[in-house]
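Peer 1: Numbering (the working numbering), first residue to last: 1 to 556.
#1: Going by DSSP in three states, residue 564 sits in which element: helix, strand or coil?
#2: By the 10 Å Cβ neighbour count, where 16 or more other Cβ atoms means buried, how is residue 505 classified, buried or exposed?
#3: For the segment 197-280, which segments carrying the alpha helix (DSSP H) assignment without a break, of at least 4 residues, lie completely within its bounds, in sequence order?
#4: Using the Cα positions of residue 501 and residue 65, report the straight-line distance between them to the nearest angstrom.
#5: Among 103, 556, 492, which one has its Cα closest to the Cα of residue 518?
#6: For the candidate residues 100, 96, 93, 151, whose alpha-carbon lies nearest to that of residue 560?
#7: Hey, residue 557 and residue 196: beta-carbon distance below 8 Å or not?
#8: Nearest-angstrom Cα distance between residue 400 and residue 545?
#9: Residues in the same chain with beta-carbon distance under 6 Å from residue 281, minus the five sequence neighbours each way, listed in chain order, please.
#10: So residue 128 is in the alpha helix (DSSP H); what residue range does that whole segment cover?
#11: Would you identify the three-state DSSP class for residue 421, choosing helix, strand or coil?
#12: Just the Cα atoms here: how many angstroms apart are residue 144 and residue 110?
#13: Opposite residue 444 in the DSSP bridges: which residues?
#14: Output the boundary residues of the alpha helix (DSSP H) element that contains residue 375.
#15: Would you report the Cα separation of residue 496 and residue 118, rounded to the nearest angstrom?
#16: Please classify residue 484: does DSSP put it in a helix, a strand, or coil?
#17: So, is residue 485 buried or exposed, given that buried needs 16 or more other C-beta atoms within 10 angstroms?
#18: Between which residues of its own chain and residue 533 is the CB-CB distance below 6 Å, once the five residues before and five after are set aside?
#19: Would you say the segment 125-134 touches the segment 416-426, given that touching needs at least three Cβ pairs under 8 Å?
#20: For residue 7, which residues of its own chain have a beta-carbon under 8 Å away from its beta-carbon, when the five flanking residues on both sides are left out?
#21: Kindly list the residues whose CB is nearer than 8 Å to the CB of residue 284, restricted to its own chain and excluding five residues on each side of it in sequence; keep chain order.
#22: Should residue 162 and residue 212 be called a contact, given that it needs their Cβ atoms to be closer than 8 Å?
#23: Rounded to a whole number of angstroms, what is the C-alpha to C-alpha distance between residue 436 and residue 451?
#24: Return the Cβ separation of residue 453 and residue 468 in integer angstroms, given the expectation that the two are a contact with Cβ distance under 8 Å.
#25: Could you give the residue range of the alpha helix (DSSP H) that holds residue 332?
#26: What do you get for residue 101, buried or exposed, if any count of 16 or more other CB atoms within 10 angstroms of its CB means buried?
#27: With distances taken from CA atoms, which of 177, 173, 279, 52 is nearest residue 160?
#28: If we ignore side chains and look at the alpha-carbon of each, how far apart do residue 80 and residue 215 end up?
#29: Thinking C-alpha only, which one of 514, 225, 209 is nearest residue 156?
#30: Suppose you measure from the CA of residue 273 to the CA of residue 252; what does that come to, to the nearest Å?
#31: Considering only residues of the same chain and omitting the five flanking positions on each side of residue 424, which have a CB-CB separation below 7 Å?
#32: Take the Cβ of residue 386 as the centre, count every other Cβ of all protein chains shown within 10 Å, and call the residue buried at 16 or more, exposed below.
#33: Considering residue 551, what are the terminal residues of the beta strand (DSSP E) in which it resides?
#34: Could I get the ranges of all uninterrupted beta strand (DSSP E) runs contained in the segment 159-203, with 3 residues as the minimum, in chain order?
#35: Tell me which residue opens and which closes the alpha helix (DSSP H) that residue 397 is part of.
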């Protein structure tokens with residue numbers, strides 16, 4: 001294992017962890033070591049964590065690994081991804097009247113449903129989530145200021161803690177009833193903001209809404225019997241729900257971070273995972289817009305309520321994000337992701353609305369559906385037989401152009417949220433942990449040899465360390481200009497194990513590589529054919545990849 005490059009550990013998330021094909025299995029943290037830099041430029045933390053009993057699953061909550069499938073499946077670069085994110089922000093928040101959904105007045109900022117010319121709690125909370133994930137604090141503050149002033153029934157002054165679901169652009173309220181998807185996204189975005197920007201005010205506001213969800217100053221947002229989000233916490237509308245309001249990853253985080261009703265939030269976590277699964281039709285994978293607590297369609301207000309129409313397009317995004325953020329319900333989530341992915345492939349991506357069982361398709365397939373369905377494929381990344389179809393679904397999300405015109409609000413923002421997930425830019429922002437510094441007077445750490453002094457984070461045995469490897473290995477002198485140029489060409493190479501493959505990133509096309517086991521037996525030898533070259537190899541365990549004069553250790 002001589003001359004292993006430092007790039008085998010720095011800049012690559014979690015290459016040292018052993019991939020678990022069944023992500024529902026919890027493993028002891030002592031068997032896992034994750035190395036990378038798990039903080040953003042301002043010091044906010046999104047890295048690994050453990051359960052209280054010291055176990056971990058395979059989701060990003062436990063590993064800190066937010067690798068984008070656009071990179072590993074479509075070969076997109078960091079620049080490609082940043083350009084895409086800039087395009088989306090500038091389109092929807094950039095102020096151009098035929099594109100933007102974000103506007104400002106003296107009370108702050110607000111998101112407009114262009115087609116209906118109103119402001120909805122759903123859109124306001126979506127805007128805040130987009131702002132915190134893209135690190136736009138100014139817009140986040142303006143959105144929250146406007147929502148608090150015009151839409152929030154503050155429990156501190158006797159209010160229910162909920163939000164009017166619909167308001168006018170002058171701040172007057174059209175309907176003081178609430179829609180729980182707004183409260184759920186408000187709470188989650190505030191918790192993330194409190195952690196990312198270290199702001200106690202956001203945390204106080206988040207905790208007040210969390211407390212109100214269980215018979216605060218009004219009726220419970222979640223059923224006290226089923227522990228599932230109600231359609232609305234009012235008599236007549238609280239005995240049934242909406243599958244798209246079931247966001248298991250968010251409720252799981254509420255159960256960890258709420259200072260009140262933690263037992264109820266824990267029950268709601270299981271109930272929410274059950275509800276999103278039970279709501280997916282076994283033939284089509286589709287949810288209905290409104291659903292009973294057992295997952296079957298519920299009729300209310302219009303015939304659309306029992307169809308896969310508007311609300312329900314978000315369901316695949318809800319369980320797709322749970323699969324990669326937590327990975328504790330993978331068997332069921334993989335099952336329904338297969339069904340819905342197969343269904344839209346059979347339909348040819350022509351229709352946007354169906355009966356619950358998938359019959360009688362009508363309307364057009366939208367970019368919101370393209371994004372949400374692509375997030376569902378997170379549950380299929382380890383499924384070899386779905387590799388080509390996953391690529392196709394991901395490509396549809398990537399190729400979707402931001403909407404111009406009156407329909408840009410809902411489908412545009414659902415697609416934007418999906419793209420944050422798919423680009424690896426939707427992170428679980430956590431309270432900053434204690435970091436213990438450790439200096440290692442050796443060239444080797446965790447089986448990787450470092451050529452120069454290097455500092456990185458290492459999460460091991462449920463503790464976070466800042467590790468400095470101090471030993472230096474002098475570089476051999478090179479006088480030949482061609483060899484110097486060749487060395488520089490390989491400076492940005494990364495090698496990682498992902499989705500059952502080994503990926504060589506940023507090596508010049510045509511570079512020779514070999515894959516060997518620790519005994520030196522050659523398992524694969526060829527040339528790279530793209531800047532994101534994927535090596536399909538059935539062997540598992542520790543392997544060495546030699547490319548560009550460096551050797552990288554991977555665990556597959």
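Just so you know, even glycine gets a beta-carbon here, dropped at the ideal spot from N, CA and C. This structure is a prediction, so every number in the text was calculated from the model and none was measured.
Peer 2: Let me lay it out:
#1: This structure cannot settle anything about residue 564, because the visible part of the chain is limited to 1 through 556.
#2: If you number the chain shown from 1, residue 505 lands on position 505. So residue 505 counts as buried.
#3: DSSP runs (the alpha helix (DSSP H)) wholly in the segment 197-280: 200-212, 248-257, 262-278.
#4: Sequence index remark: in the chain shown, residue 501 carries index 501 (1-based). Sequence index remark: in the chain shown, residue 65 carries index 65 (1-based). Answer to the nearest angstrom: the Cα atoms are 16 Å apart.
#5: For the purposes of this step, residue 518 is identified with residue 518 of the chain shown, where counting begins at 1. Checking every option, the nearest Cα to that of residue 518 belongs to 556.
#6: Because the chain here runs from 1 to 556, residue 560 falls outside it and cannot be looked at.
#7: The structure shown does not extend to residue 557, since the chain is modelled only from 1 to 556, so the question has no answer here.
#8: Reading the chain shown from its first residue, position 400 is the one you call residue 400. Reading the chain shown from its first residue, position 545 is the one you call residue 545. Their Cα atoms are separated by approximately 36 Å.
#9: Your numbering for residue 281 matches position 281 in the chain shown. Hits under 6 Å: 356, 357.
#10: Locating residue 128 in the chain shown gives position 128, counting from the first residue. 121-133 is the extent of the alpha helix (DSSP H) around residue 128.
#11: If you number the chain shown from 1, residue 421 lands on position 421. Helix.
#12: Position 144 of the chain shown, counting from 1, holds the residue named residue 144. Position 110 of the chain shown, counting from 1, holds the residue named residue 110. Rounded to the nearest angstrom, the two C-alpha atoms are 9 Å apart.
#13: Counted from its first residue, the chain shown places residue 444 at position 444. Beta bridge pairing from DSSP links residue 444 with 449.
#14: The sequence position of residue 375 within the chain shown is 375, counting from 1. 367-376 is the extent of the alpha helix (DSSP H) around residue 375.
#15: Looking up residue 496 in the chain shown gives position 496. Looking up residue 118 in the chain shown gives position 118. Each residue's Cα considered, the two are about 47 Å apart.
#16: Here residue 484 is taken as the residue at index 484 of the chain shown, counted from 1. Confidence at residue 484 is low in this model, with a pLDDT of 46, below 50, so the placement of that residue is unreliable and no value is reported for it.
#17: Here residue 485 corresponds to residue number 485 of the chain shown, with the count starting at 1. A caution first: residue 485 carries a pLDDT of 44, below 50, which makes its placement in the model too unreliable to give a value.
#18: The residue labelled residue 533 in the question sits at position 533 within the chain shown. Shown here for residue 533: same chain residues with a beta carbon closer than 6 Å to its own, the five before and five after excluded, namely 504 in chain order.
#19: Proximity of the segment 125-134 to the segment 416-426 meets the contact definition, three or more beta-carbon pairs being nearer than 8 Å.
#20: As a working note, residue 7 is residue 7 in the chain shown. Residue confidence is low: residue 7 scores 28 on pLDDT, short of 50, so the model does not pin down where it sits. No coordinate-derived value is stated.
#21: Looking up residue 284 in the chain shown gives position 284. Excluding its 5 nearest sequence neighbours in each direction, residue 284 has C-beta neighbours in its own chain below 8 Å: 308, 339, 340, 343, 354, 356, 357, 358, listed in chain order.
#22: Numbered from its first residue, the chain shown carries residue 162 at position 162. Numbered from its first residue, the chain shown carries residue 212 at position 212. Yes, these two residues count as a Cβ contact at 8 Å.
#23: The residue you call residue 436 lines up with position 436 of the chain shown. The residue you call residue 451 lines up with position 451 of the chain shown. If I take the Cα positions, the gap works out to 23 Å.
#24: Numbered from its first residue, the chain shown carries residue 453 at position 453. Numbered from its first residue, the chain shown carries residue 468 at position 468. The pair is a contact, with the Cβ atoms about 7 Å apart (cut-off 8 Å).
#25: As a first step, residue 332 must be located in the chain shown, where it is residue number 332. First-last of the alpha helix (DSSP H) with residue 332: 330-347.
#26: In the chain shown, residue 101 corresponds to position 101, counting from 1. Burial call: buried.
#27: As a first step, residue 160 must be located in the chain shown, where it is residue number 160. Taking only the C-alpha atoms, the option nearest residue 160 is 177.
#28: By one-based count along the chain shown, residue 80 stands at place 80. By one-based count along the chain shown, residue 215 stands at place 215. The alpha-carbon atoms of residue 80 and residue 215 are separated by roughly 47 Å.
#29: Walking along the chain shown from the start, residue 156 turns up at place 156. Answer by Cα proximity: 209.
#30: On the chain shown, residue 273 is found 273 positions in, with the first residue counted as 1. On the chain shown, residue 252 is found 252 positions in, with the first residue counted as 1. Rounded to whole angstroms, the gap between the alpha carbons of residue 273 and residue 252 is 10 Å.
#31: To locate residue 424, count along the chain shown from 1; it is residue 424. Around residue 424: 66, 67, 68.
#32: Within the chain shown, residue 386 is the residue found at index 386, counting from 1. Within a 10 Å sphere around the beta-carbon of residue 386 sit 16 or more other beta-carbons, which makes this residue buried.
#33: Numbered from its first residue, the chain shown carries residue 551 at position 551. Residue 551 -> beta strand (DSSP E) spans 550-555.
#34: For the segment 159-203, whole beta strand (DSSP E) runs of length 3 or above, ordered along the chain, are 173-175.
#35: The residue you call residue 397 lines up with position 397 of the chain shown. First-last of the alpha helix (DSSP H) with residue 397: 387-399.
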